[in-house]
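K.L.:
Numbering (the numbering used here), first residue to last: 1 to 299. Note that CB positions come from ideal geometry on N, CA and C, so glycine has one too. Small disclaimer: the values here were computed from a predicted structure and weren't measured.
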Amino acid sequence: MTTFPASLLILNGKGADNAPLRDAVTRLRDEGVEIHVRVTWEKGDAERYIDEARRLGVATVIAGGGDGTINEVATALIQCQGDKIPALGILPLGTANDFATSAGIPDEPDKALKLAIAGNDIAIDIAQVNDKTCFINMATGGFGTRITTETPEKLKAALGGISYLIHGLVRMDTLKPDRCKIQGENFTWQGDALVIGIGNGRQAGGGQQLCPDALIDDGLLHLRIFTGEELLPALFNTLASSDGKENLVDSVSPWFEVTAPHEMTFNLDGEPLSGKTFRMEILPAALRCRLPPDCPLLR
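#1: Per DSSP, N12 is paired with what?
#2: Among the residues of its own chain, which have a CB less than 7 Å from the CB of G64, if the five just before and after it don't count?
#3: Using 9 Å as the threshold, is the C-beta distance between D107 and R27 below it?
#4: Where do the ends of the alpha helix (DSSP H) carrying K114 lie?
#5: Buried or exposed: which applies to D218, given that a residue is buried once 16 or more other Cβ atoms fall within 10 Å of its Cβ?
#6: For the alpha helix (DSSP H) containing R305, name the first residue and the last one.
#7: Taking only three categories from DSSP, how would you classify A123?
#8: Does DSSP classify F99 as helix, strand or coil?
#9: Around the C-beta of R22, are 16 or more other C-beta atoms found within 10 angstroms, so that it is buried, or is it exposed?
#10: Pull up the distance between the alpha-carbon of I70 and that of I136, whole angstroms please.
#11: Roughly how many angstroms lie between the CA atoms of K197 and L298, to the nearest whole one?
#12: With a Cβ-Cβ cutoff of 9 Å, do L220 and S253 count as a contact?
#13: Please return the same chain residues whose Cβ sits closer than 8 Å to the Cβ of M264, not counting the five positions on each side in sequence.
#14: In terms of DSSP beta bridges, what is L91 paired with?
#15: Taking the alpha carbon of W255 as the reference point, which residue from E72, L194, I35, A139 has its own alpha carbon closest?
#16: I'd like to confirm the pairing. Which residues does DSSP put opposite L223 in its beta bridges?
#17: If T3 sits next to R290, beta carbons under 8 Å apart, how far is it from one beta carbon to the other, in whole angstroms?
#18: DSSP state of E257, grouped into three classes?
#19: Leaving out five residues on either side along the sequence, give the residues of the same chain with a beta carbon under 6 Å from the beta carbon of I62.
#20: Buried or exposed for Q79, going by 16 or more other Cβ atoms inside 10 Å?
#21: By the three-class DSSP mapping on this structure, what secondary structure does E34 have?
#22: Does DSSP put E271 in a helix, in a strand, or in coil?
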């Protein structure tokens, strides 16, 4: 019988009563796989559990939740010092699961757990904002961020990704573009941005392909700006994933800096960050992650 190294599952508290997940963990334990389970209650728990995981000597820390949980665990892992740092495993349990979906992680808990425990660990990039906050998937700003941050949780739970489109239509009268300047390596743009996507991964907002060519091992951030004053066409082009190229600006760079005369908010994998200046830089190969062999986000 094949012996797999131990893992620690950091489970978002919202998923603690997930019956199929409990069954999957029980079956793997019955097969002799060592899995420790810890449930988060508040911000900071993930970092504490990773300290425990290193004391236990596990090979993988599995993030069980949505994009925010994955990002919190990934951010804590890259802050670890020394050797024998666990790899990241992913168990998608959120509403959108944008990073997991674009990476090809299975939806079924048993399949995702097996990949997280036995899959090959691959070095991937992560992005850092203002030398502090990180995102593994995407930073979104402007029009799209206000939609995703204001969409009620009950609506998201009931309708999934389409809830953002519906809520955006309801809030059409209050949503305005952001005037800002964006610079990167050999790139400068200034104007009114309806939606800004700066991606290490490809999609956000429940399946919207904002940075469709992004890769997580190329050392680059991918930028897409939806420009202009016409809110209704931009809403449908962005949230309905239109292939139209009107009012689009694309670029790639190891870093981007966004400055605005007024306060803006970026959504970093579900975590809002407000300010007038955002310096986003890629940290190449900063994290090891267990991914499927045919992962679309790899070169």
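P.N.:
This is what the structure gives:
#1: T40
#2: The answer, listed in chain order, is L9, I10, L11, N12, G15, L91, L93.
#3: no
#4: 109-118
#5: Classification of D218: buried, given that the 10 Å Cβ count is 16 or more.
#6: The structure shown does not extend to residue 305, since the chain spans only 1 to 299, so no value can be given for it.
#7: strand
#8: helix
#9: Taking all protein chains in view, the Cβ of R22 is surrounded by fewer than 16 other Cβ atoms within 10 Å, so the residue is classified as exposed.
#10: 8 Å
#11: Per the sequence presented here, residue 197 reads as Gly, with Lys not at that position. Those two C-alpha atoms are separated by around 19 Å.
#12: L220 places its beta carbon less than 9 Å from that of S253.
#13: Non-local beta-carbon contacts of M264 in its own chain, meaning distances under 8 Å to residues more than five positions away in sequence, involve G141, G142, D178, C180, V258, S274, G275, K276, F278 in chain order.
#14: G64
#15: The closest CA to that of W255, considering only E72, L194, I35, A139, is found on A139.
#16: I198, S251
#17: The Cβ separation is near 17 Å, so there is no contact.
#18: strand
#19: S7, L9, G89, L91, A116
#20: So Q79 counts as exposed.
#21: In the structure shown, the three-state DSSP call for E34 is coil.
#22: strand
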